[in-house]
Amino acid sequence: MVTLSSAFFLMLRQRQLNTFSNLCALDATTQITSSGDIPHCSWSQVDKGFVAQVAAVVGGRKAPMNEEQEQQAEKSIVGEFSTVKHVRGILSMGRHSDPDSGSSSFSILLGDAPHLDGQYAVFGRVTKGDNTLRKLERLPTRREGIFVMPIERIDILSTYYYDIEVDSCEAEKSILRRRLSESASEIERWRRKCFA
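In terms of our numbering, the sequence shown has 0 at position 9, counting the first letter as 1, and numbering is strictly consecutive.
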């Protein structure tokens, strides 16, 4: 058994975050079970250097679903695209050809994929467990058309959603404040020059 931890971009992808956290089995901060769809799903695609993709709950899950899980699984998510780059460790919402068809399938990038930038909604990144990603990449696979799939089913045994307070953006906030201040000074300089 291996472990993988990730963090969500809270400000960027609220719908993806809500869907993903609802799909996780247990909110570890409150010990309240949510819909719990992801356990019993599997890694449907493992393409070394590209993506490891979790199968959608509908059709990819071994265990039967209760009514709440079925309702959650039927929901689709409107595309919420950003400028966040698709690089190794990024969590990206899976979808069909319709940009607004996101559901329970998601990918973890195993390498840089700039052709996905702006096309698929990014909602998080791996924070611990790159060794797990490397283990996934070493598994034997088979190709079916454009898909590279593991030869044996790789089940997800459990998932947990932790809601923690992390103030890890202070450096970014400081840089942004400085840039905004510099921009305001530059705008004021041009205002005085052109409109005085």
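No residue lacks a Cβ here, since even glycine has one placed at the ideal position from N, Cα and C. Model, not experiment: these values are computed from the prediction.
Q) What's the C-alpha gap between ARG180 and SER165? A) Numbered from 1 along the sequence shown, position 189 holds the residue referred to as residue 180. Numbered from 1 along the sequence shown, position 174 holds the residue referred to as residue 165. One Cα belongs to ARG180, the other to SER165, and the distance between them is close to 23 Å.
Checklist entry - Buried or exposed: which applies to LEU171, given that a residue is buried once 16 or more other Cβ atoms fall within 10 Å of its Cβ? => result Here residue 171 refers to the residue found at position 180 of the sequence shown. Classification of LEU171: exposed, given that the 10 Å Cβ count is below 16.
Exercise for the section: Over the uninterrupted beta strand (DSSP E) stretch that includes ARG133, give me the two end residues. Expected result: To locate residue 133, count along the sequence shown from 1; it is residue 142. Taken as a continuous stretch (DSSP letters only), the beta strand (DSSP E) holding ARG133 covers 132 to 135.
Does the pairing of the segment 37 to 48 with the segment 80 to 96 give three or more beta-carbon distances under 8 Å? Three or more pairs of CB atoms, one per stretch, sit closer than 8 Å, so the segment 37 to 48 contacts the segment 80 to 96.
**Prompt:** What is the DSSP secondary structure of GLN193, counted as helix, strand or coil?
**Reply:** As displayed, the chain neither begins before -8 nor continues past 187, which places residue 193 out of reach and without an answer.
Roughly how many angstroms separate the alpha carbons of SER35 and LEU100, rounded to a whole number?
Here residue 35 refers to the residue found at position 44 of the sequence shown. Here residue 100 refers to the residue found at position 109 of the sequence shown. Distance between the alpha carbons of SER35 and LEU100 is about 14 Å.
Exercise. For the beta strand (DSSP E) that ARG116 lies in, which residues bound it at each end?
Worked result: In the sequence shown, the residue the question calls residue 116 occupies position 125. Its beta strand (DSSP E) spans residues 113 to 119.
Specify the secondary structure class of SER98 as computed by DSSP and reduced to three states.
The residue given as residue 98 occupies position 107 in the sequence shown. Note: SER98 maps to strand in three-state DSSP.
Taking only the alpha-carbon atoms, compute the straight-line gap between PHE138 and GLU58 and give it to the nearest angstrom. By one-based count along the sequence shown, residue 138 stands at place 147. By one-based count along the sequence shown, residue 58 stands at place 67. Rounded to the nearest angstrom, the two C-alpha atoms are 31 Å apart.
Name the DSSP beta bridge partners of ASP146, please? The residue given as residue 146 occupies position 155 in the sequence shown. Answer by DSSP bridge pairing, in chain order: SER33.
**OP:** Report yes if the C-beta distance between ARG116 and GLY93 is below 8 Å; otherwise report no.
**Re:** Translated into the one-based positions of the sequence shown, residue 116 becomes position 125. Translated into the one-based positions of the sequence shown, residue 93 becomes position 102. No Cβ-Cβ contact shorter than 8 Å links ARG116 with GLY93.
Fill in: Three-state secondary structure assigned by DSSP to PHE41
What you label residue 41 is simply residue 50 of the sequence shown in a count that begins at 1. In the three-state reduction of the DSSP assignment, PHE41 falls in the coil class.
(Q) What does the alpha-carbon distance come out to for the pair ILE142 and ASP108? (A) What you label residue 142 is simply residue 151 of the sequence shown in a count that begins at 1. What you label residue 108 is simply residue 117 of the sequence shown in a count that begins at 1. Taking the Cα positions, ILE142 is about 29 Å away from ASP108.
Within 10 angstroms of its Cβ, does HIS106 collect 16 or more other Cβ (buried), or is it exposed?
Looking up residue 106 in the sequence shown gives position 115. HIS106 should be labelled exposed.
- Task: Would you kindly work out how many angstroms separate the C-alpha atoms of GLN22 and VAL113, rounded to a whole number?
- Result: Position 31 of the sequence shown, counted from the first residue, corresponds to residue 22. Position 122 of the sequence shown, counted from the first residue, corresponds to residue 113. Confidence at GLN22 is low in this model, with a pLDDT of 33, below 50, so its placement is unreliable and no value can be given for it.
Legend entry - Whole-angstrom distance between GLU177 and ARG169, CA atom to CA atom: Position 178 of the sequence shown holds residue 169. Position 186 of the sequence shown holds residue 177. Roughly 12 Å between the two C-alpha positions.
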